[in-house]
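For the protein sequence lines, the chains are A and B, in the order given. My numbering puts the first residue of the first sequence at 314, with every later residue one more than the last. My numbering puts the first residue of the second sequence at 314, with every later residue one more than the last. For every residue, glycine included, the Cβ atom is placed at its ideal position computed from N, Cα and C.
2 protein chains.
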Amino acid sequence: MTTVISKAPGSSAAPAELAADLVSQSIVIQNVQPQIDNGRWPVKREVGDDLEITAEIFRDGHVVLSAVILWRRADEATWRQSPMTQINPGLDLWAGSIRLTANTTYVYTIEAWTDHYETWSGELDKKVADGQTVTLELIEGRALIEAAATRADGDDGDLLTALLASFDRADDLRRHRLLQAEDVKAAMGRWPDRSQAVRYDRELRVFVDRIEARYAAWYEMFHRSQGTVPGKGATFADCEERLPEIRAMGFDVIYLVPIHPIGRLHRKGPNNSLTAGPNDPGSPYAIGSADGGHKAVNPELGTLADFRRFVRACHAQGMEVALDFAIQCAPDHPWIKEHPEWFIFRPDGTIKYAENPPKKYQDIVNVNFYGPHQEALWQELLSTFLFWIEQGVKIFRVDNPHTKPVPFWEWLIREVHKVDPEVIFLAEAFTRPRVMQMLAKVGFTQSYTYFTWRNFKGEIIDYLTELTTSPVKDYMRPNFFPSTPDINPPFLQTGGRPAHMIRFALAATLSSVYGMYNSYELCEATPVPGKEEFLNSEKYDYKVWDWDRPGNIKDFVTRINAIRHANPALHELDNLRFYPADDDNILFYGKMTKDRSNMVFVVVNLDPFDPHVAELEFPLEAMGLKQGDTFQVEELLTGRKHLWHAAKQGVKLEPAVNPVEIYRIGSWEKVDFRSPCF
Amino acid sequence: MTTVISKAPGSSAAPAELAADLVSQSIVIQNVQPQIDNGRWPVKREVGDDLEITAEIFRDGHVVLSAVILWRRADEATWRQSPMTQINPGLDLWAGSIRLTANTTYVYTIEAWTDHYETWSGELDKKVADGQTVTLELIEGRALIEAAATRADGDDGDLLTALLASFDRADDLRRHRLLQAEDVKAAMGRWPDRSQAVRYDRELRVFVDRIEARYAAWYEMFHRSQGTVPGKGATFADCEERLPEIRAMGFDVIYLVPIHPIGRLHRKGPNNSLTAGPNDPGSPYAIGSADGGHKAVNPELGTLADFRRFVRACHAQGMEVALDFAIQCAPDHPWIKEHPEWFIFRPDGTIKYAENPPKKYQDIVNVNFYGPHQEALWQELLSTFLFWIEQGVKIFRVDNPHTKPVPFWEWLIREVHKVDPEVIFLAEAFTRPRVMQMLAKVGFTQSYTYFTWRNFKGEIIDYLTELTTSPVKDYMRPNFFPSTPDINPPFLQTGGRPAHMIRFALAATLSSVYGMYNSYELCEATPVPGKEEFLNSEKYDYKVWDWDRPGNIKDFVTRINAIRHANPALHELDNLRFYPADDDNILFYGKMTKDRSNMVFVVVNLDPFDPHVAELEFPLEAMGLKQGDTFQVEELLTGRKHLWHAAKQGVKLEPAVNPVEIYRIGSWEKVDFRSPCF
């Protein structure tokens, strides 16, 4: 039957996409979610998640359908199946889920078929209820059983075969009971006729990352500033010294700016000046010198063995290392001599340095992704990632990925994941939204975002609502940085210590993964006047910090990280919801686990200068409470406890005292004295 | 270069969908709109429309892109192109349009490329403005001109070639002027380097219907009730008699319920009773008898020649004929003997009649679309459509299409359109929304909708907003029927003459295509008590109407249709917008042509019982007016004129007097006396 229609005269010239096969398209399966760009890109989830899948499934006429999710690991050949149920008959909406247990790619699709037995059974019930004679219907039902008996194995086969003999000896009343007996229904459900099943026309993918892709606190360490001797760069050994303190603050990842040899040619001096003195260290983003390139370590920091020791020290503390991956080269990078074909030379024979006219970056040259010799260049970059993975690094923060071709990243991330699916890629995609989203689609695990510039209530709610509830949530995970070595936002420049507390708390509680750049805990925000840059940035200079200097917020950071660790609701991203607070300076939001065993609410005064008062409105229904129920509240920064009886609660937040409050909700156990109590 | 990457070791096992070719994917073209289900179904438009196409287009880095729409008629081989412009750089959004001039399928896609000359030129400008030396940049620019000169023909080729010689003799200042001269810029724009152009990964389709698909007034004619002799059915000749009167009311389409022989076996009697008397005519939806089947004419109505004469008479009046196409058969349809394999027989050898348990339709049997012999059945149905097209019918109202397989309709409509793209199909898809939408996707020109049951302000606004502004608008055209032979809604049963005026005005002004079932103009709404059905329905009975009976609304119908004809804004569907009216009984909406040369506003009292007062708010900005501008208003049902000076205007609507007002806006010409006037 499959080919009958396609042979019909007149349809011989049919475009391939047109229905040629009645059976394969008689059931419509459409709008399968989640799905990105028609399945072109995988959805992202994390180990342990249940992937909830919905679809619209229907066919002509009034019949009962059955549907299942077919799924497998991409590296397996055999499909497994999970049941789907119709959750909204009016909208023909079905749902089911699969449990994702491994850090790998899974493939899923949907299969549906007409359940002839249930269709028959439902119609029979209506006719019997209407008092109609159903002798013929029973004989028609027998035919369905007979067909199923030939499909069924074991006990079910025996049951159905025996049923046929009983049926033939019985009268209508008994036949009716026989055909719809519970065990018969169950056996028929196990042996449906799927010969005419319809399969969704594509296979969708979900890439399942390890949980750290979604939940982690990053500490951005500028390695050479971790020492104690002014005018001298720190070593990996110095960095190691700081690890216990950083771990004590509650961080999970040490992210190092580039650790490679720094170019000498056109090296930048302090405050990005064009000429460096002989002792100026240069920007670590100008990678490569006579000391080596992307697979080498800056001798000032130590040796490769020292780096490996640092990685082990991090692991010993329960932390891991993230490396910065910046593809650009200093003009004295070894690649330029070894592979001049990877670079662009100008009519006068000089190498073309990076520029964004009229700005010039003479200390940096970019590889040419659009020249010949792509294969060798791509392979060298891949081998560089694999080299650092061999040193124990499983997280890479990629510098400016939006200035490299999208297909390159898709290929690179896929190839790395073939070797090690645990590897996490953070895109420094500070660019336009569609480009930022595209890099997430092609495989970046996380992305920098516009959070750094979203300071006020409306813009925070709008942006976070987009990140956590729009289709973007299925493929782009934000990693919130309140500041970076390149970005010293005006809010922090002017708002002082309260501003640092506010932005830290927002980053750490709005997003489940966030990063803090070292010296943020010291509230360092002295700008190059009129610019969004740090004065005397450690990008171009040696620096020594007093990590305990007065006014620091290390205790606050430590407390917030401890609260994150202790509250599973804060390990999730897309459970964020905003709630009413009747003052434009006060932001009120919450996160709950699905089972409501952990419910956390956060209220933040977004104004670092003045106290504000607001009436908050707790979402009682979402919290599983009724109007008038009592709920117990613990404010987690102070440990203060409350008993509240109403959805509306007043709060006053003073920037210098309590710019932020975090409430964990506990239920107030009611003892019902009508129950016997022993 | 194309294959270099795909040969890279490690990517040999690449899934086919992954990027193997840097060039072909280096520019991202995504989210091309309009587009339905990833291009699986064609968008719908009408002859004369401009199809506006948008897309997100971007690539890595800071370069200037160019993009065009590539388009062609599906029956042509050669692509044409239309320019696209970047309309929102921040969102990488581009737009362009194509003019659709023929009643056929068009194919469209997008091509984009990097404009190296404009990129170079923009960077040069910035460097020059910054006072930088650009000697090398000019030489690099020369190379771009040289390459273009080899591509360019004719004058452009000569111009660019001559430029190279001048360049070589000139100093930097003059070189700069030469390379960016206006004529050089223009020539470079005409000869871009498209060797690395990227094509969108699919071709999208738009099916362009004739304008009647979007704009027409239908009159549903129950043929046998058009006569004057009680107890006797009318003939086509009687129907012809009525045409001048119907045309005078302003209708464009005469839609006839099925005209075929009516089965005698199990014929239904008056009010759907199970047994018919010897003179009862039976339901025309029980098709087929010894007199013939779907290609025959009920002898009571006349002969096939009489039908053709009726069709010609309609054409002579400027109207056309729509036929009802109901696939079901009476038990004595000739197909049952000729093709028993198309039907289902029960274990006792009887044919399976239609049922929706516990309801039984003994006068109807359905063909079995899921049996064998599909090809012959599909071909017979196709040939039936083609037969009636040969008789001059170009519109079909399809009965219950949702109980037949979706792939059948896709095939059938495509095959019919191959023969005659003018044919219009109206789906009587009174079913769940996803099924209704699916039938529109697969090709139905128009669809019945839930309008019949949307009576109140919120539900009308919600439903019409969905129909005219959601993605549905690109493929589903509503055809609004206030009632049908099967549906006598409670609103009309109880609301009398005002209700009929209200619902008629809504149908005819909310939607650009609508239908009125005969006797609606007489305000006939006597129900079978407690049911949504007409008492003594002409579906089962002979009936004679007094077409001028007291209380009729023929003048109102005539006036509304004349207003529709005279106002192009009412010929469109998706220009509908709702505006504020501060009473829940008063609905206020408007339609404008794109150039605002025609602006029509409609205000309706949705309560047929009581007068209501409201303050309307006209959308001055959308009307091209400023606060305080004067606008002239003509109320089109009464001809009354107004001069209004403010957005807010009061209105009182009395059900018996003016349940509806329709305003056409004219501009009030300001004469500026500061201009010279001669």
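DSSP-derived helix/strand/coil call for residue i
i         : result
Cys627(B) : helix
Phe901(A) : strand
Gly435(B) : helix
Ala753(B) : helix
Trp384(B) : strand
Trp722(A) : helix
Thr697(B) : helix
His730(B) : helix
Ile815(A) : helix
Phe769(B) : coil
Glu453(A) : helix
Ile876(A) : helix
Pro396(B) : strand
Gln338(B) : helix
Ser479(A) : helix
Pro402(A) : helix
Trp691(A) : helix
Proximity test, Cβ basis, 8 Å: residue i and chain A
i         : result
Phe371(B) : yes
Arg386(B) : no
Glu967(B) : no
Val748(B) : yes
Glu330(B) : Note that Glu330(B) scores a pLDDT of 37, beneath 50, so its modelled location is shaky and nothing firm can be said.
Ser339(B) : yes
Met751(B) : yes
Residue i to residue j span [Cα, whole Å]
i         : j         : result
Ala547(A) : Asn585(A) : 20 Å
Trp655(A) : Ile677(A) : 14 Å
Val356(B) : Asp522(B) : 11 Å
Gln692(B) : Ala550(B) : 32 Å
Glu967(A) : Glu930(A) : 20 Å
Pro893(A) : Phe901(A) : 7 Å
Ile664(A) : Val610(A) : 25 Å
Asn351(A) : Glu424(B) : 20 Å
Lys907(A) : Ile349(A) : 24 Å
Glu837(B) : Pro597(B) : 21 Å
Glu779(B) : Val785(B) : 7 Å
Exposure of residue i, with buried meaning 16 or more beta-carbon neighbours within 10 Å
i         : result
Asp645(B) : buried
Glu772(A) : exposed
His958(A) : exposed
Lys754(A) : buried
Arg580(A) : buried
Thr744(A) : buried
Residue-level contact to chain B via CB, residue i, 8 Å cutoff
i         : result
Lys357(A) : no
Asp468(A) : no
Ile452(A) : yes
Val973(A) : no
Gln493(A) : no
Contact test: residue i Cβ vs the ligand SAH heavy atom, cutoff 7 Å
i         : result
Asp712(B) : In the structure on display, the ligand SAH does not appear, and there are no ligands present to speak of.
Test: residue i CB closer than 8 Å to a CB of chain E
i         : result
Gln806(B) : Here the protein chains are A and B, and chain E is not one of them.
Enumerated in chain order, which unbroken segments of the alpha helix (DSSP H) with a length of 4 residues or greater are wholly contained in the stretch 493–578 of chain A? The stretch 493–578 of chain A contains these whole alpha helix (DSSP H) runs: 495–503 and 549–561.
Let me know the beta strand (DSSP E) ranges lying completely inside the stretch 596–658 of chain B, each 3 residues or longer, listed in chain order. If we require 3 residues or more, the beta strand (DSSP E) runs fully inside the stretch 596–658 of chain B come out as 633–638.
Can you check the stretch 907–980 of chain B for any beta strand (DSSP E) of at least 3 residues that lies completely inside it and give the ranges in chain order? Segments of the beta strand (DSSP E) lying fully in the stretch 907–980 of chain B: 912–918, 925–930, 944–948, 954–957, 961–966 and 973–980.
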